[in-house]
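Peer 1: Handing you this structure, nothing more for now.
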Amino acid sequence: MVRLNNELKSSTQPIQDLPPEKLKILSLSDQEVIKLALDEEEKAARDQPKVYANVIKNRISAYRKMKVEAFVDVVKASFGKDVAKAPPKKQGKTISTGLSPAEEVQVARRLTVPDQSKLAAHGYVPVPPTAAEAQEAAKAVESSMNYEECDRCSARFRVFPDRNEEGRLTSNGPCRHHPNKKVFPTRQKTDHYTGGNQPFYPCCMEQVGSQGCTTLDDHVFKTSSPARLAAVLPFITTPPNDAPSKDHRGRTVGAVGFDCEMGYTAFGLELIRLTAVSWPENELLIDVLVRPLGTIIDLNSRFSGVWPEHFASAIPLADWNPPSPNPRAPESPAPQPLPIVESPQKARELLCSYLKPTTPLIGHAIENDLNATRLCHPSIIDTMLLFPHPRGLPFRHGLKMLAKKYLERDVQTGGERGHDSLEDAVATGDLVRVRVAREWRMLESQGWKFEGGRLVGGEGGRKASSNDGVPRGKKRAARRAGLDGVDEDDGDDDGQAFGNEGLSVDFLEK
8 MVRLNNELKS STQPIQDLPP EKLKILSLSD QEVIKLALDE EEKAARDQPK
58 VYANVIKNRI SAYRKMKVEA FVDVVKASFG KDVAKAPPKK QGKTISTGLS
108 PAEEVQVARR LTVPDQSKLA AHGYVPVPPT AAEAQEAAKA VESSMNYEEC
158 DRCSARFRVF PDRNEEGRLT SNGPCRHHPN KKVFPTRQKT DHYTGGNQPF
208 YPCCMEQVGS QGCTTLDDHV FKTSSPARLA AVLPFITTPP NDAPSKDHRG
258 RTVGAVGFDC EMGYTAFGLE LIRLTAVSWP ENELLIDVLV RPLGTIIDLN
308 SRFSGVWPEH FASAIPLADW NPPSPNPRAP ESPAPQPLPI VESPQKAREL
358 LCSYLKPTTP LIGHAIENDL NATRLCHPSI IDTMLLFPHP RGLPFRHGLK
408 MLAKKYLERD VQTGGERGHD SLEDAVATGD LVRVRVAREW RMLESQGWKF
458 EGGRLVGGEG GRKASSNDGV PRGKKRAARR AGLDGVDEDD GDDDGQAFGN
508 EGLSVDFLEK
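Read in the working numbering, the sequence shown has 129 at position 122, and its numbers run on one by one without any break.
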């Protein structure tokens, strides 16, 4: 069943006159495959108990010989999935801030992280590593003979960036691992006596410590060392930009929301797709595939949503005619090919064309996207920080959970087909709008208002923002707290939102 289901998910050709995009509706999740198998076995045990063993052997034999066309009928009969009546995707609640887009941008500036150095221990790179640091990291990799630790199974292996004499990119294969992260069961009052349930892997329901349920040919690795990342592609700081690119309507972009997808190459985890939207309008600015610098080992399709057929059908950016720029427009009957750029540098150049150093750049766990792009940007808004985990860093809430809770929207529902960076970028931007609405209600209650298009405070008409977008009053309060521009918790009972001034000192120090 797993084999047939994987064939159904990865099919790029019509099956039973159904196009590939509609076949996704029929594909099953891991748990649905398990349920299908258990239901069929239970039916055999109840209906034909005397010949149960023979029935099961015959069914296994039938499934081994079964074609995916026949499996489609099994899925339809077992789950009642009807592609003709697939429910429209839930868009979630409408967000209203009571502000114009330009006013939303001004309030959002209060949510930027003013001192990223406090976050350097958690993967953020506020300043590009020096050339000497990158060179030293490159020498260390060379001295280690390119031995790495697998990001999936933790095995030691060697990388051959130019392939070895056998044509392989990695050694010590295959890689046996669990594709899903381990799950910790909910604690019960009786755990003190029973010892509680053990953590398990939802992909196969086996306990932690069990042998991997998935086997792939190659090991893969990633690195979080800024110097090692810079040795592959140097970081840059967002350069001054006197004439930033405008959106398709000819408007100046006030803020940018972006999301990246990464795949595994001989150089680690590299950028393979970059998407950017204008904020708060959420209209498409950039959505490109990216040819990585290293030879591709694994596109990480199960999470990135980028598959080999996307690269096969990609159109060079210079020859691409963009469709509707509105990511909320109805989906076309067939997925459209994406444009492709020749390098991560070109993708970064496209992104920076819309940015000034003071332009708010919005993302979820944005350090991962910035590091993949090798960009240090002074004005970032991270929804992972705006809606923090109550236990503080390095714990963090996922975008899927935040979108469900605050936007009443389902995202990342592609299952085995992976994520959609455009969908994620839009959801992240809408989460910031939720936070902006809350910030504006607080400011308005304190007498702040907009005069002549500028946000001014109630105390003598003081302007809310200085040149760098950080309120002077906010700076003074943060200095007293010992952290530039970081704020107190607002006391929400879920511990996931901040109050008057931004990010709590305790949260960043955890």
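Every residue, glycine too, gets a C-beta built ideally from N, C-alpha and C.
(1) Put Phe318 into one of helix, strand or coil per three-state DSSP.
(2) In the DSSP assignment, find the unbroken beta strand (DSSP E) run with Arg298 in it and report its ends.
(3) Out of Val79, Ser68 and Lys42, state which residue places its alpha-carbon closest to the alpha-carbon of Leu25.
(4) Please say whether Leu438 and Phe394 have beta carbons closer to each other than 8 Å?
(5) When you compare the CB positions of Arg159 and Asn179, do they come within less than 8 Å of one another, or not?
(6) When the Cβ atoms of the segment 379-398 are set against those of the segment 127-140, are three or more pairs found closer than 8 Å?
(7) Please report the residue range of the beta strand (DSSP E) in which Trp286 lies.
(8) Is it true that the segment 107-123 meets the segment 287-295, where meeting means three or more beta-carbon pairs spaced less than 8 Å apart?
(9) Have a look at Lys313 and Arg66 and give me their C-alpha separation to the nearest angstrom.
(10) From Thr19, Leu35 and Thr244, pick the residue whose C-alpha is nearest to that of Glu28; which is it?
(11) Using the Cα positions of Val463 and Gln113, report the straight-line distance between them to the nearest angstrom.
(12) Decide if Leu281 is buried, meaning its Cβ has at least 16 other Cβ atoms within 10 Å, or exposed.
(13) What residue from Val75, Glu76, Ala51 and Pro251 has the CA that sits closest to Lys64's CA?
(14) So what does Met212 bridge to, in DSSP terms?
(15) Between the Cα of Ser320 and the Cα atoms of Leu236, Ile347 and Ile304, which residue gives the shortest distance?
(16) Thinking C-alpha only, which one of Leu392, Ser452 and Ala139 is nearest Leu126?
(17) Leaving out five residues before and five after Ser252 in sequence, what residues of the same chain have Cβ atoms less than 6 Å from its Cβ?
(18) Taking C-alpha atoms, which residue in Pro344, Leu409, Pro397 and Pro56 lies nearest to Arg370?
(19) Between Glu49, Ala69, Val260 and Arg53, which lies nearest to Arg10 when the distance is taken from Cα to Cα?
(20) To the nearest angstrom, how far is it from the Cα of Lys16 to the Cα of Asp37?
(21) Helix, strand or coil: which one does DSSP assign to Gly203?
(22) Alpha carbon to alpha carbon, how far is Ser85 from Asp122? Give it in angstroms, no decimals.
(23) Please report how far the alpha carbon of Met73 lies from the alpha carbon of Leu35, in whole angstroms.
(24) Tell me which residue opens and which closes the alpha helix (DSSP H) that Arg309 is part of.
(25) Would you call the CB atoms of Asn187 and Pro206 closer than 8 Å?
(26) Check whether the Cβ atoms of Thr230 and Leu236 lie closer than 8 Å to each other.
(27) Under 8 Å, do Asp225 and Asp305 count as touching if we go by C-beta distance?
(28) Between which two residues does the alpha helix (DSSP H) carrying Gly436 extend?
(29) Let's test the definition: count the other Cβ atoms within 10 Å of the Cβ of Asp389 and tell me whether it reaches 16, buried, or not, exposed.
(30) Return the residue from the list Arg183, Gly99 and Ile22 that minimises the CA-CA distance to Leu414.
(31) Val239 and Leu176 look like a contact to me (Cβ under 8 Å); what is the Cβ gap, rounded to whole Å?
(32) Where does Lys50 fall in DSSP's three states?
(33) Please tell me whether Ile387 and Val120 are closer than 8 Å, where the distance is taken between their beta carbons.
(34) Thinking C-alpha only, which one of Phe191, Gly219 and Val227 is nearest Asn153?
(35) Mark Asn12 as exposed unless 16 or more other C-beta atoms lie within 10 angstroms of its C-beta, in which case mark it buried.
(36) Would you decide whether Asn375 is buried or exposed? Buried here means 16 or more other CB atoms lie within 10 Å of its CB.
Peer 2: The answer reads as follows:
(1) helix
(2) Taken as a continuous stretch (DSSP letters only), Arg298 belongs to no beta strand (DSSP E), as it is neither H nor E.
(3) Val79
(4) yes
(5) Contact: no.
(6) yes
(7) Gly275 to Trp286
(8) yes
(9) For the sequence presented, residue 313 should be read as Val rather than Lys. As the crow flies, the alpha-carbon of Val313 is around 35 Å from that of Arg66.
(10) Thr19
(11) Taking the straight line from one Cα to the other gives about 11 Å.
(12) buried
(13) Of the listed residues, the one whose Cα sits closest to Lys64 is Ala51.
(14) Its beta-bridge partners do not exist; DSSP assigns none.
(15) Ile347
(16) Leu392
(17) Ser360 and Tyr361
(18) It is worth fixing the name first, because residue 370 is Gly in this sequence and not Arg. Per the Cα distances, Leu409.
(19) The shortest C-alpha to C-alpha distance from Arg10 to any of Glu49, Ala69, Val260 and Arg53 is the one to Ala69.
(20) 12 Å
(21) coil
(22) Going by the C-alpha atoms only, they are around 55 Å apart.
(23) Rounded to whole angstroms, Met73 to Leu35 spans 17 Å at the Cα level.
(24) Ser308 to Ser311
(25) no
(26) yes
(27) It is a contact, given that the beta carbons lie within the stated cut-off.
(28) Ser428 to Ser452
(29) With 16 or more other Cβ atoms inside 10 Å of its own Cβ, Asp389 counts as buried.
(30) Gly99
(31) With a contact defined as Cβ atoms closer than 8 Å, Val239 and Leu176 miss out at about 16 Å.
(32) helix
(33) yes
(34) Val227
(35) buried
(36) buried
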